[in-house]
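Chemist: Protein sequences appear in the order of chains A and B.
This note's numbering puts the last residue of the first sequence at 130; the count rises by one with no breaks.
This note's numbering puts the last residue of the second sequence at 1292; the count rises by one with no breaks.
Idealized CB from N, CA, C, for every residue including glycine.
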Amino acid sequence: MKRFRVIFGLLACIVCQNCVQPTFKQEVNFSIDMRNVDTFNTVGIRGNFEPLSWKEDLILEDPNSDGIYTKSIVFDSPFTSIEFKFVKDNKEYELKDKANRRLEFSKERKTNFSGVFDQE
Amino acid sequence: MNRLIHLFKKLNYPMPFGHWIIDLILAIPRIICGLLLSFFYGADKFGMPWTAEDRNLDLFEVIYWFPQDVESFGGVFAMFPVFFAWMGAFSEAVGGLLMALGFQTRIAGFLIVCTMLVAIFCQQWNSGLWGMSAALGFLWVGIYAMVLGSGRFGLDYLISKKWKS
C-alpha cells in the first residue's frame, strides 16, 4: 500500500507543479519604411502569433508623415520568435514567394524591428 | 496489496481471439491510431521527446492555451482546468503511445475514451459531424482497446504469458 501512496504522491506532484508552459510579455516596436512604395492606402502586418494573424491586418500608422509606419505590439507568448509579413492595402503581401520575416525576441522583453517594405 | 496486484494483472490480461489473423487485423487500427495520437495530436500540445522544437515545450509540459480551452468547457473543467488539460494531453501523447505498444492497453484505452468523450461533447459538439469525426474515430478504437486489451500483438500479451508461466 505504501508503494501505491508514493506513486500517487509523485503523480500528484507532477500534476500540481508548474506543468503549464509559461508565457512571457514581449513588447515589439515594428517600423517599416514605405518611401519606396508609390501608391498605397494602408500598410498592415500579419503573422503567426496573437494578436497577429494570417487572416487580418494590424494597421501601422505614420503619425509624423515621414513615410515610416510604426506599431507597438505586446505579445504574451511562450515562444522566442515570431514570423510575419507586411501587407499593402489589406491584400498585397510583400516578399512574394519568399520566406516570412522572422524576429527573435530579446531577453530584455523589448524588441525593435525596422525594415524596408518588400526588401529582406 | 495482493488483491490490488491480482486486479492489476486481471486488468491487463488481453483477450486473444481464436486465430492470430483476427488479432492482427484488430491491432492495425489500434497501432495506427495510437501513433497518430501520440506523435501528432498529443505531441502538438504536450511536451514529448518528439515534440517539434518550435513548440518550446519541456517534457510533460502542457501547451499554454490548452488549460484556457478546457476552462471554457465550464462546470468541473472550469474548477480544475490545469488538471484536466494535463490529463487530456497526457492521455493523447502517452496513452496513445501505450495503446500503440499494447502496454497497459485497457488503462490507455480508458484514458483515450474519456478524453475523446470530453472532446466530442464539450469541444466539437457545435462543429457538426465532420468536425468531430477525428475524435469519434479515436473513441471507437479506444473503446475496443479498453474492452479487448492488446490481443496477441502487444506487450501486455507477452507480460501476461510470463505471469502465467
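1. What are the residues of the stretch 67-86 of chain A that lie near chain B, defined by any Cβ-Cβ distance shorter than 7 Å?
2. Kindly list, in the order they appear in chain B, the residues whose Cβ is closer than 9 Å to that of A:F89.
3. Measuring straight from C-alpha to C-alpha, what distance separates B:K1288 and B:I1159?
4. Under 7 Å Cβ to Cβ from B:A1220, same chain only, skipping five residues before and after it: list those, please.
5. Output yes or no for whether 7 Å exceeds the beta carbon distance between A:N100 and A:D72.
6. Check B:I1190 in the structure and name its three-state DSSP category.
7. Is there at least one Cβ from chain A nearer than 7 Å to B:W1177's Cβ?
8. Below 8 Å on the Cβ atoms is my contact criterion, and I expect B:G1223 with B:G1161 to pass it. Report the Cβ-Cβ distance as a whole number of Å.
9. Considering only C-alpha positions, which residue in the set B:K1137, B:N1129 and B:W1147 is nearest to B:G1071?
10. Per DSSP, what kind of secondary structure is B:F1237 in: helix, strand or coil?
11. Where do the N-terminal and C-terminal ends of the alpha helix (DSSP H) with B:V1268 fall, by residue?
12. B:K1291 lies in the alpha helix (DSSP H); which residues open and close that run?
13. Would you mind giving the Cβ-Cβ distance between A:Q129 and B:I1190, rounded to the nearest angstrom? I have them listed as a contact below 8 Å.
14. Mind listing which residues of the stretch 1256-1268 of chain B have their C-beta closer than 9 Å to chain A's C-betas, in chain order?
15. Do you know how far the Cα of B:S1199 is from the Cα of B:G1229?
16. Throw me the rounded Cβ distance for the B:F1193 and B:A1216 pair, which I believe falls under 8 Å.
Modeler: Short version:
1. Answer set for the stretch 67-86 of chain A: empty.
2. Here residue 89 of chain A is taken as the residue at index 79 of the first sequence, counted from 1. Per Cβ cutoff of 9 Å: D1181, R1182 and N1183.
3. Numbered from its first residue, the second sequence carries residue 1288 of chain B at position 161. Numbered from its first residue, the second sequence carries residue 1159 of chain B at position 32. Rounded to the nearest angstrom, the gap between the Cα atoms of B:K1288 and B:I1159 is 25 Å.
4. For the purposes of this step, residue 1220 of chain B is taken as the residue at position 93 of the second sequence. Same-chain partners within the cutoff: S1165, G1169, A1170, F1173 and M1175.
5. One-based indexing of the first sequence puts residue 100 of chain A at position 90. One-based indexing of the first sequence puts residue 72 of chain A at position 62. Here A:N100 is not near A:D72, since their CB atoms are 7 Å or more apart.
6. Locating residue 1190 of chain B in the second sequence gives position 63, counting from the first residue. Coil, per DSSP.
7. As a position in the second sequence, residue 1177 of chain B is number 50, starting the count at 1. It does not: the Cβ of B:W1177 has no partner Cβ on chain A nearer than 7 Å.
8. Residue mapping note: residue 1223 of chain B aligns to position 96 of the second sequence, counting from 1. Residue mapping note: residue 1161 of chain B aligns to position 34 of the second sequence, counting from 1. 5 Å between Cβ atoms; contact.
9. Given a span of 1128 to 1292 for chain B in the structure shown, any question on residue 1071 of chain B remains unanswerable.
10. The residue given as residue 1237 of chain B occupies position 110 in the second sequence. The three-state secondary structure of B:F1237, taken from DSSP, is helix.
11. Counting from 1 along the second sequence, the entry for residue 1268 of chain B is found at position 141. Looking at the DSSP string, the run of the alpha helix (DSSP H) that includes B:V1268 is S1260 to L1275.
12. The sequence position of residue 1291 of chain B within the second sequence is 164, counting from 1. Segment L1282 to K1291, the alpha helix (DSSP H) holding B:K1291.
13. In the first sequence, residue 129 of chain A corresponds to position 119, counting from 1. In the second sequence, residue 1190 of chain B corresponds to position 63, counting from 1. With a contact defined as Cβ atoms closer than 8 Å, A:Q129 and B:I1190 miss out at about 35 Å.
14. So nothing in the stretch comes that close.
15. Within the second sequence, the letter at position 102 stands for residue 1229 of chain B. Within the second sequence, the letter at position 72 stands for residue 1199 of chain B. Taken atom to atom, the span from the alpha-carbon of B:G1229 to that of B:S1199 is near 33 Å.
16. As a working mapping, residue 1193 of chain B is identified with position 66 in the second sequence. As a working mapping, residue 1216 of chain B is identified with position 89 in the second sequence. Contact between B:F1193 and B:A1216 holds: CB atoms are separated by about 6 Å, below the 8 Å threshold.
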